[in-house]
Structure formats: C-alpha cells, structure tokens
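*Asks:* One structure is given below, represented as structure tokens, and several questions about it will come after.
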Amino acid sequence: MTPVDIFNDLMEIEPIEIIFPVDPVNDESSSDQKFIQYYQLLQRYSRLKRRQYTLFYAYKLGQLLENQILSRAQKTLFRSRMTTHFYQGCIRTYHIFLNIGVEQIFRTKLVTFMMLKKLKSQEFRLLCGAEFS
C-alpha cells in the first residue's frame with residue numbers, strides 16, 4: 001500500500017456514527033498503571049489481529065507517552081519497557097490521528113499498525129504534513 005493509498009484510507013467518511021470501544025483504563029490511575037494496561041491491550045489486540053482496536057490502543061499509548069508523561073526520566077523508563085516496534089508504531093499512530101481525530105481509526109478499511117510502523121520517515125512526515133495542514 002502506498003502512502004497515497006494510506007492517506008485516502010485515513011480520509012474515509014463512513015461510517016458517519018462511530019461506536020467507540022469502552023476504555024477500560026481509569027482516568028484516575030497512575031501513569032504507570034495506565035502504561036501497563038494500554039501496553040497489555042495493544043499486545044493482546046495485535047496478537048488477535050484486531051486491526052482497529054490495535055490502532056486505537058496504539059493511539060492511546062502514544063497519547064500517554066507524548067502528552068501525559070511529563071518527566072523525561074519516566075518517559076525513558078516506559079520506552080525501555082516496550083519493544084522498539086511497539087514504541088515507534090504508537091508514536092506514529094498518535095501523530096497521524098492527532099488532528100484528524102481518533103474516531104477516524106474506526107472509519108479506516110485497510111490501514112494497519114504495521115503499515116504505519118513501516119512507513120519510511122519521509123513518507124511519515126509527508127503523511128503528517130498533509131493531514132495537519
């Protein structure tokens with residue numbers, strides 16, 4: 001799938017009404033607890049090959065790592081507890097869906113976590129630039 005195909009899939013408009021999965025992670029939980037829960041959910045849905053749920057929990061984990069972890073030391077600790085594969089994929093998933101909305105994950109028909117992870121850096125930047133403008 002080319003970056004253009006990925007972009008077109010990200011811009012799908014149907015279904016109009018999205019039913020979000022219930023987020024089992026409590027907002028009151030510590031960052032450490034949230035990290036553990038999101039990472040376990042990401043790994044589980046990845047193994048089960050549930051494409052949209054994998055993207056959803058990758059987004060949530062990326063959001064946690066990019067926005068909710070304020071300490072550089074804590075961010076480094078969390079990064080060390082993940083495989084490079086999942087870390088890079090989560091950060092990319094988060095940035096791709098940041099401005100188009102997390103609900104767009106549930107409109108995609110083809111995009112997978114692996115596709116976003118395997119994008120070349122230049123393709124990723126172009127894709128983000130096209131969506132953020």
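Position 111 (the sequence shown) corresponds to 111 in the working numbering; numbering is contiguous. The beta carbon of each residue, even a glycine, is placed where N, CA and C say it ideally should be. Predicted model only: the values in this text are computed from it and were never measured.
For residue 53, I'd like the list of residues in its chain whose CB is within less than 6 angstroms of its CB, leaving aside the five on either flank, ordered along the chain.
*Replies:* Taking the sequence shown and counting its residues from 1, one reaches residue 53 at position 53. Hits under 6 angstroms: 45.
*Asks:* Starting from residue 108, follow the alpha helix (DSSP H) in both directions and report where the run begins and ends.
*Replies:* Residue mapping note: residue 108 aligns to position 108 of the sequence shown, counting from 1. No alpha helix (DSSP H) contains residue 108, which DSSP labels as neither H nor E.
*Asks:* Among 18, 90 and 8, which has the Cα closest to the Cα of residue 35?
*Replies:* Working through the sequence shown from its first residue, we reach residue 35 at position 35. The shortest C-alpha separation from residue 35 is found at 90.
*Asks:* Considering only residues of the same chain and omitting the five flanking positions on each side of residue 115, which have a CB-CB separation below 8 angstroms?
*Replies:* Against the sequence shown, residue 115 aligns to sequence position 115. Only 1 and 6 meet the Cβ criterion.
*Asks:* Go ahead and pull the three-state DSSP assignment for residue 129.
*Replies:* As a working mapping, residue 129 is identified with position 129 in the sequence shown. Residue 129: helix per DSSP, three-state reduction.
*Asks:* Within 10 Å of its beta-carbon, does residue 95 have 16 or more other beta-carbons around it, so buried, or fewer, so exposed?
*Replies:* Position 95 of the sequence shown, counting from 1, holds the residue named residue 95. By the neighbour-count rule (16 or more Cβ atoms within 10 Å), residue 95 is buried.
*Asks:* Is it a yes or a no for the segment 51-70 touching the segment 7-27, going by three-plus beta-carbon pairs under 8 angstroms?
*Replies:* yes
*Asks:* Tell me the residue span of the alpha helix (DSSP H) that contains residue 6.
*Replies:* Walking along the sequence shown from the start, residue 6 turns up at place 6. 3-10 is the span of the alpha helix (DSSP H), which, as asked, contains residue 6.
*Asks:* Hey, could you find the ends of the alpha helix (DSSP H) residue 68 is sitting in?
*Replies:* Taking the sequence shown and counting its residues from 1, one reaches residue 68 at position 68. First-last for residue 68: undefined, no H or E at that position.
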